[in-house]
Amino acid sequence: MATVSNALTRIQHLRLPDAAQSLASAGVPVFPCVPGEKRPLTRRGFHDATADLDQVSAWWDRWPGANLAIPTGPASGIDVVDVDIGSTGSVFPAFQRARREGLVHGWAALVRTPSGGLHLYFPAGTSREQPSWQAPKAQIDFRGTGGYVLAPPSQVRQPDGHLRPYELQSTGLVEPSPVDASRLRDFLDPRPAPVHGSRMVPRRGLDMQRLSRWVAALGEGERNRGLFWAACRLAENNTAVGDTLAVLGPAAAHAGLRPREITTTIRSAYRTTDPAHREPAGIEPAPRRSPPQQALGRVVA
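My numbering numbers the first residue of the sequence shown as -19 and each following residue consecutively.
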């Protein structure tokens, strides 16, 4: 992790192509994003990240203004806590509470984001992978397995039309230590309580509460598809749509989906299970017998 801290210190004032080469030379995998944006330029996004100097050089020769991105989690050995600015634009109440609880300490680097928020870099650790998640109410996200962040000196265009950079503020003053992402998430956004109802009788082998916990753990990029898949399973089980909303709704909200998205996705799943209806436009059919590849364990016994 000291390698990443030192590399961030070196690249702060470099041109983007040189910064990409510097990180790759230090063994940190990188990939390019659209200039002024966070969207990957490569087909597979963070899955294409590499420390191969020839490939990195080829990317930035082709896109010299491309933003510089680092995959998080085991791919780079970096986890990042992403703190958005508070409603006042100047304070971070949830972050400060987490600091007082000792949940976010020992970071390796602190980066100011273009919007005025913070990226706190932590070593990913080796004991277990930690998936990415969002805690919208606390305005804190976690970037671990399945995530990525833009690194200095990348710039992102803001609502006022100006480009603003990611800026390294400091490196850790103590030996960095991994953050316990699960404990942090439970503190910021407690898991939805189990829902009990006399009409909720699952078919044999279908554990509704385990399904709910699985939906709650979905990361960005897999939330809609995962919720759709789970709702299809409950619809096939003849669970009333209201009960499915009661079970999966809080879990999907915990994963970061908005109420309207949740309702639309669940009702689309119910329409899909009825042969009289076509697959809803814009919804990719979910697998029928097994959860998406990102599932954190099986949801059926």
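Every residue, glycine too, gets a C-beta built ideally from N, C-alpha and C.
*Span of the beta strand (DSSP E) holding E241?*
E241 -> not in any beta strand (DSSP E); alpha helix (DSSP H) instead, spanning P239 to T252.
*Cut-off 7 angstroms between Cβ atoms - residues of its own chain near D169, not counting five sequence neighbours on either side*: A115, K117, A118 and H234
*Would you mind reading off the limits of the alpha helix (DSSP H) that contains T93?*
First-last for T93: undefined, no H or E at that position.
*Under a three-way DSSP split, which group does G53 fall into?*
strand
*Report, in whole angstroms, the separation of the C-beta atoms of S192 and V227, which I expect to be a contact under 8 angstroms.*
5 angstroms
*asked:* Determine whether the beta carbon atoms of A88 and T151 lie at a separation below 8 angstroms.
replied: yes
*For the beta strand (DSSP E) containing W24, list its first residue and its last residue.*
Here residue 24 turns out to be Arg, not Trp, going by the sequence shown. Premise fails: R24 is in no beta strand (DSSP E) and is neither H nor E.
_Where G201 falls, given that 16 or more other Cβ within 10 Å makes a residue buried_ = exposed
_DSSP-derived helix/strand/coil call for N47_ = strand
*Can you say whether G7 is buried or exposed, counting buried as having 16 or more other CB atoms within 10 angstroms of its CB?*
exposed
*Are the Cβ atoms of R123 and V129 separated by less than 8 angstroms?*
yes
*Between the Cα of R77 and those of A29, R165, Y146 and Q110, spot the shortest distance and give me the residue it belongs to.*
R165
*Is the beta carbon of S37 less than 8 angstroms from the beta carbon of Q(-8)?*
no
*Please go through the segment 84 to 153 and give each complete beta strand (DSSP E) segment of 3 or more residues, from N-terminal end onward.*
89 to 92, 98 to 103, 113 to 115, 120 to 123, 128 to 130, 135 to 137, 143 to 145 and 147 to 151
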